[in-house]
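Chains as they are written, first to last, in my numbering: chain A, 23 to 518; chain B, -19 to 777.
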């Protein structure tokens, strides 16, 4: 390093490093504190416009912050089954449907109803699958989920979910952003805005997709909406760079990168000394963080090094795109302190138009792709003591009709979109294990007891994380916005 | 009599003398108003009217709230007010935040209603309204303030800025260097840095109006329209796809080109407004006028199976109302979709009256199920430059064939020409597929518009006629009858000089682009909840000047960039930064990170890769595989051939469900709805992008080639050459020294690693000429990569 030994230059750099600290104003230094008083003070200013007023303070914006009250969960893994799994064939057994199988659905139920595809008077459809009871809790679930049936005592089934939307994109957006229209921040963005993230070498909100295609709602599902873009979900891809542009271009070795970053930093410091703009100091730090991500991200993605029994447990195959691989990655992300991990698995839209999407072939295939891995994730978290403070959620965007869709006279069994009731399950941080909450009527058409609206679910998830959904707000275009809009009640009965 | 009754009530408590009460009529002032005052008014008043209900004056109280009429005179049992006071039904008992009314109070209110709910005029005192918010008062041209330091004042703007600085005991900063100035003003006016020839010409020009000449050149440049269309397209939510699940591709680029051309032709902002809101309704509307109305066809379309088309049509109409209010009025009108605005003087009725203007267009929201995805009704056909070029080529080929045939050659020899014609015809058909633009078309008979209770699309309330918000200036008296008012009447009202908002809001947006923050920081909200202007008189002066100059946008841009305020150096002492960290007082020049599109444009420009081709269908620059991936769509991102991938960012294909990743990383939105102000973040993902994205590596490699070809002989000369192209100034000796060290170090590395050197020298541009040394090219690429990542490069300073 011939240049570094030249005294005049060395002196310039050193002086400039000293200057860079001076250039930070007290206010900015205060905001830039990542621990101690600064962090606490920042948390108290969270609803203030401080974050909005200093949009460049990415590091501060992601600093770990105190919740409104101590939450049982520290992080979330949300497994979204895009397309909407059939609750009637997986979790919500209805003997009455067996009795009514093939008969017209009662006219009063479908009066004034709008369906996505069903036309005329549809016929009731009993599940073609068998159900049995499991565990001490006696949870009754379908034979399509043999793995999950071994963990039912750790899980809370919410059978009385309902939503306002019955088309995929709006309903998915509704679950993740609280609005059926595009352009609102998603749950993971709200959480990283509210709580920051403990590991700054990785994004705080990570998205993993499987099932062949991205979910219907598109990237808006993990968009930051009107929140600053530091809160945007970062999609880890299974092909190419896991995070876009995390790899050096071909021909630039890690050493060349390090040396060029050193030069870049030195030149930026020279400029800082002249212009005194503290934003330059922030940028220098962001480049160093980027450099660290170039190591931490590939390390994280290397699942091949996991022991054999772990691969057997999850059913993972390194190098492939699969839900199983994503489940294992979710655990590795949890271990590294990532705040919100969102998994999407596409293909649950079982209309029954062919073998690909019917109840007897298509649905079992999706179950086969997911049951082992999602259960393994629960077990693995539990054996590592991580389940206590990790909230796991599994579910779709709406339910499916108790009637056979029979689109165009299709002979394959299938069910149409159904917003009035569906089942999700939750486990871990803050959730009562081994219970079933709410119920539906005899035909599984409407919620019978203890309905849980999507906004209630969102309020409950935030509550588990120690956040009051009515207080986590952001002012945009003259209004304080929330994840739950002006709705939502915490479902106290399912809290541990 | 009054006194007597009053005394009576006090001495004989109500419960003790029911008989007397039953015969004595309830007195509103004595019995009811106090109850309203203690139990209701806090939430149901002029400023805060929960559920749309006000109980502070007769008219509003009788009108009721969102859920209907609350008081039905003579029928207490059916009156919603009584149901809520008694806590009947599913809703909370009123008042929620206070103890419930006593039985006696409840009985009194019921009797008052049964007796016809008399509300004497004398008691109809509304809670005194506060004085009118500044933004709703028409601006008048303020006198220029006197300034002690007259030398600071180059034009009117500076008088206001200097006066304020003097008041705070601060000074204007010295003028920026010439190099700095030409870079700043070029980036601001055309979104591209100056070329070396432009820089040299300016540095050599010693005439007193050298700077003004630069400005005039830039304002006349066709790139001016491209640069200023960028923020406008954020407001217009322009995109090349429909949004939502299917997110099918749409042809909309003629609208984008209309905006660019209108700006380049310096169409007045009044006409710019009229054409976009109502160009189709102008007498003798031209094709261009119609294309302009695409502004409000940029709304998203949900084509998912089973969608109720009326539901999404309603959302599109609502979006048009909210967008119009945000763009022209700087008003967050969206609040009044569900209830009267809590803070600003806009009622739900105002909202739906405005909605009525937009409720009668023919746009269908879906044509799902196998129809041509481009064929969504109400479009107009325009030939792209590409289609025109292919047509010309085709005509020529046909002509050639004709002459071949007349030359009596055999059919066999003419076959290649025939094949060629067939192939070109195919290309023409393909190009024509992208030759339409969505436009607004009015229905022959307008739809009826109703209030939507709590904003729900199915819950219709009372019918309303098109009109402007009651708290703003009325439509001119000469307006047609309410039922025949249309978008053209609204457009003319928006740019009426009586309108207190449009000029201020527009000028404030210009100011924001130059200085990083508007004079009103919340450029999207001029209401009582927005931030007050830092320089209110300057804002008014600019607004009046804008209108007096007949909405001449270029004139206003020139006024701003000619000011001494704009020309200040952005370097600041630590003490000035301490005193005014966000430069609200404007005591130094602007300094902030360039926006997404400009960052890429700049890298392409300084490396010589930039294609300056303008207009036509959007293009596909290189993007990693797998970014475009949505269900039910066979659309693929196929990199544009040739210069297509090096065109300006404004021409990059904008698919809402997967926007160009580099842009969103740098705070661009996916254009699903209006973006009034992009946040400016600084993240590690941005660093990874400018370090590693081929969109930035290719320019680095291209610059390396230019350096070796044209950069002189010594390393120091070459560094100066590259540095100057990127940063538009000469490097300091310390900078040359540091870059030389880097270059020598990397050259040594690449000399020992020819494989990597060859890869770097190529970097996706194709193999370099054999005359250039691969290790040198690789090392210069690393140096260029550093230059393109300097904070100073990423920043307008």
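In this text, a Cβ means the ideal position worked out from N, Cα and C, and glycines have one as well.
Measuring C-alpha to C-alpha distances from residue 685 of chain B to each of B/588, B/662, B/627 and B/663 identifies B/588 as the nearest. In the displayed model, residue 484 of chain A falls within a helix according to three-state DSSP. Short of 8 Å from the beta carbon of residue 129 of chain B, and not among the five residues preceding or following it, lie these beta carbons of its own chain, in chain order: 142, 146, 151 and 152. Sorting A/446, A/362 and A/379 by C-alpha distance to the C-alpha of residue 368 of chain A places A/379 at the top. In this structure, the beta-carbon distance from residue 452 of chain B to residue 444 of chain B does not fall below 8 Å. Within chain B, 766, 769 and 770 have C-beta atoms less than 8 Å from the C-beta of residue 286 of chain A, given in sequence order. Taking 8 Å as the cut-off, the beta carbon of residue 449 of chain A is found closer than this to the beta carbon of residue 178 of chain A.
In the three-state scheme derived from DSSP, where H, G and I count as helix and E and B as strand, residue 308 of chain B is classed as helix. Excluding the 5 residues flanking it on each side, residue 171 of chain A has same chain C-beta neighbours closer than 6 Å at 156 and 163, in chain order. Excluding residues up to 5 positions away in sequence, 191, 194 and 195 lie with their Cβ nearer than 6 Å to the Cβ of residue 239 of chain A in the same chain. For residue 297 of chain A, the enclosing alpha helix (DSSP H) has its first and last residue at 276 to 297.
Per DSSP, the beta-bridge partners of residue 572 of chain B are B/776.
Going by DSSP, residue 449 of chain A is part of no alpha helix (DSSP H) but of the beta strand (DSSP E) stretching over 444 to 450.
In the three-state DSSP reduction, residue 102 of chain A falls in the strand class (E or B). Sequence-distant Cβ neighbours of residue 299 of chain B in its own chain, meaning closer than 7 Å and more than five residues away, are 279 and 653. Look at residue 22 of chain B here: in three-state DSSP terms it is coil, with no helix or strand label. A Cβ-Cβ contact shorter than 8 Å links residue 209 of chain B with residue 243 of chain B. Listed along chain B, the residues sitting closer than 7 Å to residue 299 of chain A by beta-carbon distance are 571. In this structure residue 506 of chain B is not in contact with residue 720 of chain B, their Cβ atoms being roughly 53 Å apart against a cut-off of 8 Å. When C-beta atoms of the region 748 to 763 of chain B are compared with those of the region 303 to 311 of chain A, fewer than three pairs fall below 8 Å, so the two segments do not count as touching.
Scanning the region 264 to 300 of chain B from its first residue to its last, the whole alpha helix (DSSP H) runs of 4-plus residues come out as 267 to 272. DSSP places residue 541 of chain B in the uninterrupted alpha helix (DSSP H) bounded by 533 to 542.
Residue 293 of chain A belongs to the set of residues whose beta carbon lies under 8 Å from a beta carbon in chain B. Under the criterion of beta carbons closer than 8 Å, residue 439 of chain A and residue 189 of chain A qualify as touching, at roughly 7 Å. For the pair of segments examined, the region 700 to 716 of chain B was found not to touch the region 724 to 739 of chain B: the number of CB pairs separated by less than 8 Å stays below three.
One alpha carbon belongs to residue 221 of chain A, the other to residue 358 of chain A, and they sit about 7 Å apart. Between residue 522 of chain B and residue 487 of chain B, the CB-CB gap stays under 8 Å. Residue environment analysis places residue 160 of chain B among the buried positions, since at least 16 neighbouring C-beta atoms fall within 10 angstroms of its C-beta.
Note: residue 508 of chain A is not bridge-paired with any residue in the DSSP secondary-structure output. At a cut-off of 8 Å between beta carbons, residue 173 of chain B makes no contact with chain A.
Against chain B, a Cβ distance below 7 Å from residue 190 of chain A picks out 225 and 284. The C-beta distance from residue 179 of chain B to residue 162 of chain B rounds to 6 Å, short enough to fall under 8 Å.
Around residue 369 of chain B, no beta-carbon contact reaches into chain A at under 9 Å, the shortest distance being about 34 Å. For the pair residue 67 of chain B and residue 46 of chain B, the CB atoms are not nearer than the 8 Å cut-off.
According to the DSSP secondary-structure assignment, residue 502 of chain A is paired through a beta bridge with A/497. A residue is called buried when at least 16 other Cβ atoms come within 10 angstroms of its Cβ; residue 184 of chain B does not meet this threshold and is exposed.
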